[in-house]
Every structure is written in C-alpha cells, then in structure tokens.
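Engineer:
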Amino acid sequence: MPPAGPGTTRFQLDGRTVDAVDGESILDVASRTGVALPHLCHHADLRPDGNCRACVVEIEGERALAPSCCRSPTDGMVVHTGSVRAVRARELVLELLRGESAATVSGDSELAAWCERLGVDRSRFAARSRPAADQSHPAIHVDLDACIQCTRC
C-alpha cells in the first residue's frame, strides 16, 4: 500500500484502500465511502465515547472488536465491517437494546430504524420489569427506562 499524503491516513476498509483525513474516525470514513454501520451514540457535535457499541468493527491483529465511532485509523490498518464476528456483535447489541426498551421504542426512532435495517425484529431476551416514569413535574415526564446510555442528551 503506497503511503498516504500529508494529513491523511491510508488503510484497508473491507478490502478497499481508503484515506482518512486527520481527525476522522473509522465510522466517519465508512459513512463517507458508502459503508453503513449502525450508530446510536455518535453525533457530529459531541465527543465520541463508543457507549452504545452498535458500530463495532473487526481490526486485524486485535483481539477485541473496536467501536468505529471513537477509533481513528492508522496507516496500514485492516478493518472488516462485514465479518461474521462484527455483524453478530452489532446485531446482538441492537437486540439487547431493543429488548431493554421494547415498550418505549417508537417506530421512528434511530434504534427502531437500525433494527429494521439489520433485520432485528424481536429480542430473545426476557423483558425486565420497568419502574413507572417520573411524572412529578407538570411539564416534564422522565422515563429513564428508555435510556440506552448514549450520552447524547
């Protein structure tokens, strides 16, 4: 692989050689090059924390899957978004999140959209009992049970 130019990093993404501009994450490059990865906690205006784990990818030579939203590529890195291991992990994350929030997920939510796109239509996991929403304030009702710990709010 020839070296990247100044301010860029060259790496392999699903068998294609791609360049990342300094500061771009693997998720940014994937999105820019037409590779759709689910992401629930990522927002362009917020620091990427990788809390939801919906965007994990497999990186050759690394034991653990990596959240693509907060991982910067390095020169020569080989990233697989479609490996069986990465796909199953992303589906499991969505299934767990869907099971945890099945009663509160609306059809137009990002979680519901990604579940539909990846074919996660139900959860194998039993739903847990849910506390009542806090309705003590006349203007705000808080249902923390709908929280997926994305930190976007």
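When you number the sequence shown by my numbering, it's gap-free, plus one each residue, and the end is 252. Backbone N, C-alpha and C fix where the C-beta goes; we use that ideal spot for every residue, glycine too.
1) Find the nearest neighbour of A135 within the set G122, V155 and A143, judged by alpha-carbon distance.
2) Consult DSSP for D113 and reduce its assignment to one of helix, strand or coil.
3) Whose C-beta lies closer than 6 Å to the C-beta of E159 among residues of the same chain, with five residues either side of it excluded?
4) Which of helix, strand or coil does DSSP assign to D220?
5) For V192, which three-state DSSP category applies?
6) Would you say Q111 faces chain C, with C-beta separation under 8 Å as the test?
7) How is V134 classed by DSSP in three states: helix, strand or coil?
8) Quick one: is D127 buried, meaning 16 or more other Cβ sit within 10 Å of its Cβ, or exposed?
Structural biologist: Based on what the coordinates show:
1) Within the sequence shown, the letter at position 36 stands for residue 135. It is V155.
2) Sequence index remark: in the sequence shown, residue 113 carries index 14 (1-based). In the structure shown, D113 sits in coil (DSSP, three-state: anything other than H, G, I, E or B).
3) Stepping through the sequence shown from its first residue, residue 159 is reached at position 60. Cβ neighbours of E159 beyond the five flanking positions: V177.
4) Position 121 of the sequence shown, counting from 1, holds the residue named residue 220. Three-state DSSP puts D220 in coil, outside helix and strand.
5) Here residue 192 is taken as the residue at index 93 of the sequence shown, counted from 1. Three-state DSSP puts V192 in a helix.
6) Looking at the structure shown, chain C is missing, and only one protein chain is on hand.
7) Here the question's residue 134 lines up with position 35 in the sequence shown. Reduced to three states, the DSSP call for V134 is coil.
8) Numbered from 1 along the sequence shown, position 28 holds the residue referred to as residue 127. It is buried - the Cβ of D127 has at least 16 other Cβ atoms within 10 Å.
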